[in-house]
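Numbering (the working numbering), first residue to last: 93 to 177.
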């Protein structure tokens with residue numbers, strides 16, 4: 093790999109790291125915004141109201157977004173490690 097290709101790959105990995113950090117910081121606001129726009133309840137509902145409520149969608153989407161942020165961060169760290177000689 094030439095120095096120009098290594099620099100270009102390094103810049104792309106740095107951009108991915110920045111996007112990963114922003115997604116980790118602000119990614120959970122996406123499901124919250126969707127919840128408020130769709131009118132989903134955001135309070136915790138206990139049995140027997142849990143069967144009727146839709147709050148599980150909000151919590152599931154928050155968990156999925158956090159897992160996606162974790163996976164993106166791990167992919168960035170693996171990409172950086174593979175670039176090092």
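Cβ coordinates follow ideal geometry from the N, Cα and C atoms, glycine included.
Keep in mind the model is a prediction, meaning the values are calculated, not measured.
query: Start-to-end residues for the alpha helix (DSSP H) that takes in residue 120; result: Taken as a continuous stretch (DSSP letters only), residue 120 belongs to no alpha helix (DSSP H), as it is neither H nor E.
query: Residue 161 burial status per 10 Å Cβ neighbour count (16 or more: buried); result: buried
query: Beta-carbon proximity check, residue 149 vs residue 105, cutoff 8 Å; result: no
query: Own chain, CB closer than 7 Å to residue 116, minus 5 neighbours either side, in chain order; result: 161 and 165
query: Proximity to residue 118 [Cα-Cα], best of 154, 95 and 130; result: 154
query: Exposed unless 16 or more other CB atoms sit within 10 angstroms - verdict on residue 125; result: exposed
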